[in-house]
Amino acid sequence: NAGVTQTPKFQVLKTGQSMTLQCAQDMNHNSMYWYRQDPGMGLRLIYYSASEGTTDKGEVPNGYNVSRLNKREFSLRLESAAPSQTSVYFCASSERGGSNYGYTFGSGTRLTVV
Amino acid sequence: QKEVEQNSGPLSVPEGAIASLNCTYSDRGSQSFFWYRQYSGKSPELIMSIYSNGDKEDGRFTAQLNKASQYVSLLIRDSQPSDSATYLCAVNQYNFNKFYFGSGTKLNVKP
């Protein structure tokens with residue numbers, strides 16, 4: 013049982029380049045999330061998908077887009093990468109929203125924008 | 035004011051001691067509270083959840099919630115070097131899909 017799988021694990025981009033971070037879960041969870049983690053800032057929610065077919069903005073959505081491709085997959089796209097987007101990105105899933113259930117996190121993507 | 039505040043630490047305790055980690059939150063409407071452990075370079079993993087005032091115990095871990103004072107704490111009894119990690123507090127507000135995380139407290143357990 014893989015849980016939440018993220019690819020790639022590491023990535024270096026030049027300013028202005030685009031890329032898509034992939035996330036897939038095999039736990040039949042309804043809700044999926046994208047967070048970024050920066051030193052001293054904790055985890056900040058970028059976008060989430062409460063259920064298949066829906067997406068909503070979190071705290072820091074600017075510069076990102078998401079796609080909930082199906083129940084398993086939730087991708088995060090950076091259209092024009094900026095150095096401020098250098099961070100560790102975590103995908104997470106939850107069985108039925110976060111209120112009474114914790115998250116299961118993927119292993120993270122360490123992104124550097126130069 | 036940040037939604038969730040934690041002392042960044044590091045908090046150093048000797049092996050076998052009780053480690054006490056604290057978290058305060060700003061929104062009185064918060065409903066669910068979680069503690070995650072994150073080892074360096076790894077992803078967070080859920081260790082405790084609490085929803086009602088009082089204490090909740092799970093093995094060596096005890097979560098304490100006081101909604102009137104807007105704080106939640108985590109006690110780790112008989113601390114082990116393997117408990118050395120960053121502990122993140124997460125608080126859910128009125129929107130069940132939005133959790134706010136504290137920046138974490140780094141715990142060092144010295145052998």
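Protein chains in written order, with the working numbering: chain L, 13 to 126; chain Z, 35 to 145. Heads up, the beta-carbon is just placed ideally off N, CA and C, and yes, glycines get one too. None of these values were measured; they are calculated from a predicted model.
With respect to the beta strand (DSSP E) encompassing residue i, which residues constitute its N-terminal and C-terminal limits?
| i | result |
| --- | --- |
| residue 24 of chain L | 22-25 |
| residue 82 of chain Z | 79-84 |
| residue 62 of chain Z | Element bounds for residue 62 of chain Z: n/a, residue is neither H nor E. |
| residue 51 of chain Z | No beta strand (DSSP E) contains residue 51 of chain Z, which DSSP labels as neither H nor E. |
| residue 39 of chain Z | 38-40 |
| residue 138 of chain Z | Run containing residue 138 of chain Z: none; DSSP gives neither H nor E here. |
| residue 112 of chain Z | No beta strand (DSSP E) contains residue 112 of chain Z, which DSSP labels as neither H nor E. |
| residue 98 of chain L | Run containing residue 98 of chain L: none; DSSP gives neither H nor E here. |
| residue 44 of chain L | 43-50 |
| residue 125 of chain L | 121-125 |
| residue 19 of chain L | 16-19 |
| residue 37 of chain L | 31-37 |
| residue 54 of chain L | 54-61 |
| residue 77 of chain L | 76-80 |
| residue 84 of chain L | Taken as a continuous stretch (DSSP letters only), residue 84 of chain L belongs to no beta strand (DSSP E), as it is neither H nor E. |
Taking residue i and residue j to be in contact with their CB atoms under 8 Å, please state how far apart those CB atoms are, rounded to whole angstroms.
| i | j | result |
| --- | --- | --- |
| residue 68 of chain Z | residue 83 of chain Z | 5 Å |
| residue 64 of chain L | residue 82 of chain L | 6 Å |
| residue 105 of chain L | residue 98 of chain L | Going by Cβ atoms, the distance from residue 105 of chain L to residue 98 of chain L rounds to 25 Å, so no, they are not a contact pair. |
| residue 18 of chain L | residue 120 of chain L | 6 Å |
| residue 87 of chain L | residue 34 of chain L | 5 Å |
| residue 85 of chain L | residue 36 of chain L | 5 Å |
| residue 60 of chain L | residue 76 of chain L | Actually they are not in contact, since the Cβ atoms of residue 60 of chain L and residue 76 of chain L sit about 12 Å apart, beyond 8 Å. |
| residue 59 of chain Z | residue 37 of chain Z | 6 Å |
| residue 27 of chain L | residue 125 of chain L | 6 Å |
Residue i bridges to which residues according to DSSP?
| i | result |
| --- | --- |
| residue 92 of chain Z | Z/95 |
| residue 71 of chain Z | Z/79, Z/121 |
| residue 105 of chain Z | Z/58, Z/100 |
| residue 143 of chain Z | Z/47 |
| residue 126 of chain Z | Z/66, Z/133 |
| residue 104 of chain L | L/45, L/117 |
Suppose the cutoff is 8 Å on Cβ atoms and the five residues either side in sequence are ignored; what does the same chain contact list for residue i look like?
| i | result |
| --- | --- |
| residue 78 of chain Z | 70, 71, 72, 122 |
| residue 72 of chain L | 48, 56, 57, 58 |
Could you pull out every residue in the same chain whose Cβ sits closer than 7 Å to the Cβ of residue i, ignoring the five residues on either side in sequence?
| i | result |
| --- | --- |
| residue 108 of chain Z | 55, 69, 82, 95, 97, 121 |
| residue 87 of chain Z | 99, 100, 101 |
| residue 119 of chain Z | 71, 72, 73, 141 |
| residue 114 of chain Z | 49, 143 |
| residue 50 of chain L | 99 |
| residue 69 of chain L | 59 |
| residue 112 of chain Z | 50, 94 |
Going along the chain, which residues of its own chain have a beta-carbon closer than 6 Å to the beta-carbon of residue i, five neighbours each way excluded?
| i | result |
| --- | --- |
| residue 122 of chain L | 22, 100 |
| residue 44 of chain Z | 140, 142 |
| residue 85 of chain Z | 66 |
| residue 62 of chain L | 43 |
Would you say the beta carbon of residue i is closer than 6 Å to some non-hydrogen atom of the ligand ATP?
| i | result |
| --- | --- |
| residue 76 of chain L | Looking at this structure, you won't find the ligand ATP or any other ligand, since it has none at all. |
Stretch pair the region 46-66 of chain Z + the region 39-53 of chain L: three plus CB contacts closer than 8 Å: no
Contact between the region 89-107 of chain L and the region 42-62 of chain Z (3+ Cβ pairs under 8 Å): no
At least 3 beta-carbon pairs within less than 8 Å: the region 16-36 of chain L vs the region 95-110 of chain Z: no
Cβ pair count under 8 Å reaching 3, the region 129-144 of chain Z against the region 50-57 of chain L: yes
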